[in-house]
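Chemist: Just so you know, we're using my numbering here: the sequence shown kicks off at 22 and counts up by one.
Below are the structure tokens for one structure; questions will follow.
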Amino acid sequence: MATNERIRLGVLISGAGTNLQAIIDAIERGELKAEIAIVISNKANAPGLERASRHGLPTAVIDHRRFARREDFDAELVRVLKEHDVELVVCAGFMRILTHVLLSAFPNRVMNIHPSLLPAFTGIDAQRAAVEYGVRLAGCTVHFVTEKVDEGPIIIQAAVPVYPDDTEQTLRERILEQEHRIYPQAIALFQQGRLEIVGRKVRIKDFPISQKTVCLVNPPIDE
Ligand code: GAR
């Protein structure tokens, strides 16, 4: 990927589209050299479609229920993504499992965000699972998508504390705030040609190591 060119994104959504909004905002602020070529939802009533339209972005609805097999649904996704010359597929709250049909059409070019510190709490309702398990730290992960759900090579993670009175909803909001920070950053790293997949790991060129990165301890300890 040439570092000076705007990368063409295909964003897949199923719901609110707040991550889509964070990506749009990062592009509009000039922090992410990208262009959203198409927003595709598998749900016609996804509020994220309105966000896209408000910003003049092309949208498409592909209802998964029209297809007998996951592979057929994916083939239609591929057709529309290719029609829009998409270079990177960005799953942003897209609640469908992708198959080899889509993944082989975009090898190492599909990203997802998941609301947990993977490999913990894969699958749906990760925030509820974290509250119920009683973990002290939760968070979110951006990773490349492979055929194994929520298992692909990890690009970036953010951790947040879990408080005793947290509900699924309060934790969801705290995590979401961090999702909106890390997803545009992961896409920017890709656009800059700085991500290389080596085995199950992602190598980041010029990995930014900051002295300011804090160690999160929860509950806090006196030092
Ligand atoms: C986000 O929390 C995202 O991490 C999650 O769905 C939400 C979508 O919010 N994704 C998954 O759980 C995928 N397994 P959004 O539509 O407002 O971006």
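Just so you know, even glycine gets a beta-carbon here, dropped at the ideal spot from N, CA and C.
If you count every other CB in all the chains shown that lies within 10 Å of the CB of D243, and 16 or more means buried, which is it?
Modeler: Against the sequence shown, residue 243 aligns to sequence position 222. With fewer than 16 other Cβ atoms within 10 Å, it is exposed.
Chemist: Judging by CA-CA distance, which residue of D171, R100 and I59 is the nearest neighbour of A141?
Modeler: Locating residue 141 in the sequence shown gives position 120, where the first residue counts as 1. Closest option to A141, Cα to Cα, is D171.
Chemist: According to DSSP, simplified to helix, strand and coil, what is E52?
Modeler: One-based indexing of the sequence shown puts residue 52 at position 31. Of the three classes helix, strand and coil, the one that applies to E52 here is coil, per DSSP.
Chemist: If you count every other CB in all the chains shown that lies within 10 Å of the CB of Y204, and 16 or more means buried, which is it?
Modeler: Here residue 204 corresponds to residue number 183 of the sequence shown, with the count starting at 1. Buried is the call here.
Chemist: Is the beta carbon of A159 sitting closer than 8 Å to the one on L197?
Modeler: Within the sequence shown, residue 159 is the residue found at index 138, counting from 1. Within the sequence shown, residue 197 is the residue found at index 176, counting from 1. No.
Chemist: Within this structure, are the beta carbons of L33 and F115 separated by less than 8 Å?
Modeler: Locating residue 33 in the sequence shown gives position 12, counting from the first residue. Locating residue 115 in the sequence shown gives position 94, counting from the first residue. Result yes, Cβ atoms of L33 and F115 sit closer than 8 Å.
Chemist: Tell me, please, which residues DSSP counts as bridged to M116.
Modeler: Indexing the sequence shown from 1 puts residue 116 at position 95. For M116, which the question treats as bridged, DSSP gives no partner whatsoever.
Chemist: Suppose contacts are defined by Cβ-Cβ distances below 8 Å. Is P136 in contact with R157 by that definition?
Modeler: In the sequence shown, counting from the first residue as 1, residue 136 sits at position 115. In the sequence shown, counting from the first residue as 1, residue 157 sits at position 136. No. Outside cutoff.
Chemist: Can you give the Cα-Cα distance for I218 and I57, rounded to whole angstroms?
Modeler: As a working mapping, residue 218 is identified with position 197 in the sequence shown. As a working mapping, residue 57 is identified with position 36 in the sequence shown. Distance between the alpha carbons of I218 and I57: 24 Å.
Chemist: The beta strand (DSSP E) spanning E217 covers which residue range?
Modeler: For the purposes of this step, residue 217 is taken as the residue at position 196 of the sequence shown. Taken as a continuous stretch (DSSP letters only), the beta strand (DSSP E) holding E217 covers L216 to V219.
Chemist: Are there three or more Cβ pairs, one per stretch, closer than 8 Å when the region 46–66 is compared with the region 207–218?
Modeler: Taking 8 Å as the limit for Cβ pairs, the verdict is that the region 207–218 does touch the region 46–66.
Chemist: Would you list, in sequence order, the uninterrupted alpha helix (DSSP H) runs of no fewer than 4 residues that lie entirely inside the region 109–170?
Modeler: Listed in chain order, the complete alpha helix (DSSP H) runs (minimum 4 residues) inside the region 109–170 are 121–126 and 147–154.
Chemist: With DSSP run on the structure shown, which of helix, strand or coil describes R90?
Modeler: Residue numbering aside, residue 90 sits at position 69 when the sequence shown is read from its first letter. DSSP places R90 in coil when its eight states are reduced to three.
Chemist: Around the C-beta of G31, are 16 or more other C-beta atoms found within 10 angstroms, so that it is buried, or is it exposed?
Modeler: Numbered from its first residue, the sequence shown carries residue 31 at position 10. Flag for G31 reads buried.
Chemist: Name the two residues that bound the continuous alpha helix (DSSP H) containing A180.
Modeler: The residue labelled residue 180 in the question sits at position 159 within the sequence shown. It is not in any alpha helix (DSSP H) - A180 instead sits in the beta strand (DSSP E) that spans I175 to P182.
Chemist: Hey, would you say the C-beta of L41 is under 7 Å away from at least one heavy atom of the ligand GAR?
Modeler: Counting from one through the sequence shown, the residue named residue 41 turns up at place 20. L41: yes, Cβ under 7 Å from the ligand GAR.
Chemist: Quick check on K103: does DSSP put it in helix, strand or coil?
Modeler: Counted from its first residue, the sequence shown places residue 103 at position 82. The answer is helix: DSSP assigns K103 an H, G or I state.
Chemist: The ligand GAR heavy atoms versus the CB of G155: any closer than 7 Å?
Modeler: Your numbering for residue 155 matches position 134 in the sequence shown. G155 Cβ: outside cutoff for every heavy atom of the ligand GAR.
Chemist: Output the distance between the C-alpha atoms of E71 and S62, rounded to the nearest integer angstrom.
Modeler: As a working note, residue 71 is residue 50 in the sequence shown. As a working note, residue 62 is residue 41 in the sequence shown. In a straight line, the C-alpha of E71 is about 11 Å away from that of S62.
Chemist: Return the first residue and the last residue of the alpha helix (DSSP H) that R195 is part of.
Modeler: In the sequence shown, residue 195 corresponds to position 174, counting from 1. Segment E189 to Q212, the alpha helix (DSSP H) holding R195.
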